[in-house]
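One structure below.
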Amino acid sequence: MLPPRLSDDQSVPFDDRGLAYGDGLFETVLLRAGKPVLWRYHTARLAQGCHRLGIPSPCQEALDATWQGAPTAEFEVLKLILTRGSGGRGYAQPDQITPRLLSRRTPFQPSVERWQKGVTVRLCDLQLARQPRLAGIKHLNRLENILARQEWNDAAIAEGVLADNEGLVVEATSMNVFWQRAGEVLTPQLDQCGVAGTLRAALLEHGAVAQASLELHQLADVERLWVANSVQGVWPVTELLAADGSLLQRWPLSQPDPFQRLAHQLLGVA
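The letter at position 186 of the sequence shown is residue 448 when you use this note's numbering, and the numbering goes up by one with no holes.
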């Protein structure tokens with residue numbers, strides 16, 4: 263059975279478990295000329311999330327239907343939300359699960375200036391809790407990321423870098439983190455917490471990056487630093503600030519940037 267797909271003008275019922283408990287998953291997909299970018303990575307992550315949470319996975323036909331139709335702009339963002347559906351007393355899930363699939367497409371314009379000029383990022387005070395059963399998947403409960411993003415309101419700061427409660431770098435508030443050390447591009451393992459991005463997955467599959475651990479205090483000593491995701495692309499980091507706003511490190515822009523170029527080729531925005 264296909265999970266019901268709700269159009270934009272339909273409301274979510276009060277007893278929806280995604281609304282009540284964050285019991286569900288989401289994907290944010292870049293559309294270029296109406297076609298989803300890195301689609302198989304998004305559907306694979308969603309399937310993995312469904313398996314972890316015990317939610318019946320939508321069939322490919324239902325997922326593909328969310329991006330059908332004429333594009334409204336060269337670039338759009340498709341937001342998918344999949345919840346366990348309605349019902350259940352308290353935290354107990356209903357005897358029969360009927361997942362609810364919602365989708366919305368909105369026009370989008372990537373920040374080319376950030377690609378070209380780089381960005382300033384800061385360290386966050388908030389520490390991510392470790393929970394391996396939720397690590398990697400994009401579940402609906404993003405309260406840690408929301409609290410971390412509340413730590414600054416300076417528009418000149420593009421992102422905040424998060425570590426876990428063991429002091430290891432995990433991710434940025436809405437992007438993955440990559441760094442260069444001894445000429446090699448690395449990214450955290452994300453086996454304890456954090457979201458395993460689809461651009462990150464594609465770069466790992468292409469052998470462009472490797473997984474490694476990095477303590478938060480070591481971040482200022484890396485050769486280069488980037489934040490990236492499948493919607494925004496790759497932003498080179500030119501300044502790293504401490505949580506109190508003091509400068510920890512500056513990196514010069516490197517042009518050409520082979521890592522950024524490959525990532526943007528995978529996104530079709532090179």
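Think of the CB as a built atom: it goes at the ideal place given N, C-alpha and C, for glycine as much as any other residue.
Worksheet item: Is the Cβ-Cβ distance between I343 and G398 less than 8 Å?
Response: Working through the sequence shown from its first residue, we reach residue 343 at position 81. Working through the sequence shown from its first residue, we reach residue 398 at position 136. Cβ atoms of I343 and G398: not closer than 8 Å.
Practice prompt. Just mark L509 as buried or exposed, buried being the case when its beta carbon has 16 or more other beta carbons within 10 Å.
Written response: Position 247 of the sequence shown, counted from the first residue, corresponds to residue 509. Flag for L509 reads exposed.
Worksheet item: Does DSSP put C312 in a helix, in a strand, or in coil?
Response: For the purposes of this step, residue 312 is identified with residue 50 of the sequence shown, where counting begins at 1. If DSSP states are grouped into helix, strand and coil, C312 belongs with the helices.
Practice prompt. For P298, I'd like the list of residues in its chain whose CB is within less than 6 Å of its CB, leaving aside the five on either flank, ordered along the chain.
Written response: Counted from its first residue, the sequence shown places residue 298 at position 36. These residues qualify, in order along the chain: V291, W329.
Worksheet item: For A354, is the classification buried or exposed, using 16 other Cβ atoms within 10 angstroms of its Cβ as the cut-off for buried?
Response: Within the sequence shown, the letter at position 92 stands for residue 354. So A354 ends up on the exposed side.
Worksheet entry | F440 - DSSP class collapsed to helix/strand/coil | Residue numbering aside, residue 440 sits at position 178 when the sequence shown is read from its first letter. Of the three classes helix, strand and coil, the one that applies to F440 here is strand, per DSSP.
Item to complete: Enumerate in chain order the residues of its own chain whose CB-to-CB distance from D278 is below 8 Å, with the five nearest sequence positions on each side excluded.
Response: Here residue 278 refers to the residue found at position 16 when the sequence shown is read from its first residue. Here the set comprises T345, G347, S348, R362.
Discussion item. For G429 and E477, which I take to be in contact (beta-carbon distance under 8 Å), what is that distance rounded to the nearest angstrom?
Written reply: By 1-based counting over the sequence shown, the position of residue 429 is 167. By 1-based counting over the sequence shown, the position of residue 477 is 215. So it is a contact: roughly 5 Å between Cβ atoms.
Discussion item. Once DSSP output is grouped into helix, strand and coil, what is the label at K379?
Written reply: Numbered from its first residue, the sequence shown carries residue 379 at position 117. Note: K379 maps to helix in three-state DSSP.
Fill in: CA-to-CA distance, L487 to V499, given in whole angstroms
Sequence index remark: in the sequence shown, residue 499 carries index 237 (1-based). Sequence index remark: in the sequence shown, residue 487 carries index 225 (1-based). Cα to Cα, V499 sits roughly 5 Å from L487.
Worksheet item: With 16 as the cutoff for other CB atoms within 10 Å, does T449 come out buried or exposed?
Response: Taking the first residue of the sequence shown as position 1, residue 449 is located at position 187. Classification for T449: buried.
Discussion item. According to DSSP, simplified to helix, strand and coil, what is H468?
Written reply: By one-based count along the sequence shown, residue 468 stands at place 206. Residue state, collapsed to three classes: coil.
Discussion item. For a test of the three-state rule: what should DSSP assign to I359, helix, strand or coil?
Written reply: To locate residue 359, count along the sequence shown from 1; it is residue 97. Three-state result, I359: coil.
Worksheet entry | Own chain partners of M263 with C-beta closer than 7 Å, once the 5 adjacent residues on each side are dropped | In the sequence shown, residue 263 corresponds to position 1, counting from 1. Note that M263 scores 46 on pLDDT, short of 50, meaning its location in the model is unreliable; the coordinates nonetheless yield the value given after this. Within the same chain, M263 has no close Cβ partners at all.
Fill in: Pairwise C-alpha distance: V423 and L364
To locate residue 364, count along the sequence shown from 1; it is residue 102. To locate residue 423, count along the sequence shown from 1; it is residue 161. Using only the alpha carbons, I get a separation of about 30 Å.
Worksheet item: Under the three-state reduction of DSSP, which class applies to A306: helix, strand or coil?
Response: On the sequence shown, position 44 is the one that residue 306 refers to. A306 falls in the helix class under three-state DSSP.
Worksheet item: What do you reckon, are the CB atoms on L300 and L461 nearer than 8 Å?
Response: The sequence position of residue 300 within the sequence shown is 38, counting from 1. The sequence position of residue 461 within the sequence shown is 199, counting from 1. Closer than 8 Å, so yes.
Discussion item. Here's the rule: buried if 16 or more other CB atoms are within 10 angstroms of the residue's CB, otherwise exposed. What is R384?
Written reply: Residue numbering aside, residue 384 sits at position 122 when the sequence shown is read from its first letter. So R384 ends up on the buried side.
Worksheet item: Could you give the uninterrupted runs of the beta strand (DSSP E) lying entirely in the stretch 392-428, keeping only those of 3 residues or more?
Response: 419-426
Item to complete: Name the residue from L308, A418, L528, S273 whose alpha carbon lies nearest to the alpha carbon of A470.
Response: Sequence index remark: in the sequence shown, residue 470 carries index 208 (1-based). Considering only alpha carbons, the answer is L528.
Discussion item. For a test of the three-state rule: what should DSSP assign to V291, helix, strand or coil?
Written reply: The count along the sequence shown starts at 1 and reaches residue 291 at position 29. Three-state DSSP puts V291 in a strand.
Discussion item. Let's see if you can read the secondary structure: which residues bound the alpha helix (DSSP H) around Q527?
Written reply: Here residue 527 refers to the residue found at position 265 of the sequence shown. That run of the alpha helix (DSSP H) goes 520-529.
Discussion item. Quick check on G507: buried or exposed, where buried means 16 or more other Cβ atoms within 10 Å of its Cβ?
Written reply: In the sequence shown, counting from the first residue as 1, residue 507 sits at position 245. G507 should be labelled exposed.
Discussion item. Considering only the alpha carbon of each residue, which of Q378, I317, A505 lies closest to N415?
Written reply: Residue 415 sits at position 153 when you count from the first residue of the sequence shown. Cα-wise, what sits closest to N415 is A505.
Item to complete: Please go through the same chain and pick out, in chain order, the residues whose beta-carbon is closer than 7 Å to the beta-carbon of A547, but skip the five residues on each side of it.
Response: The first residue shown for the chain is 263 and the last is 532, placing residue 547 beyond what the model contains.
Practice prompt. Pull up the distance between the alpha-carbon of I408 and that of A417, whole angstroms please.
Written response: The residue given as residue 408 occupies position 146 in the sequence shown. The residue given as residue 417 occupies position 155 in the sequence shown. C-alpha separation (whole angstroms): 16 Å.
Worksheet entry | Inter-residue spacing [alpha-carbon to alpha-carbon] between G445 and P520 | The residue you call residue 445 lines up with position 183 of the sequence shown. The residue you call residue 520 lines up with position 258 of the sequence shown. Going by the C-alpha atoms only, they are around 12 Å apart.
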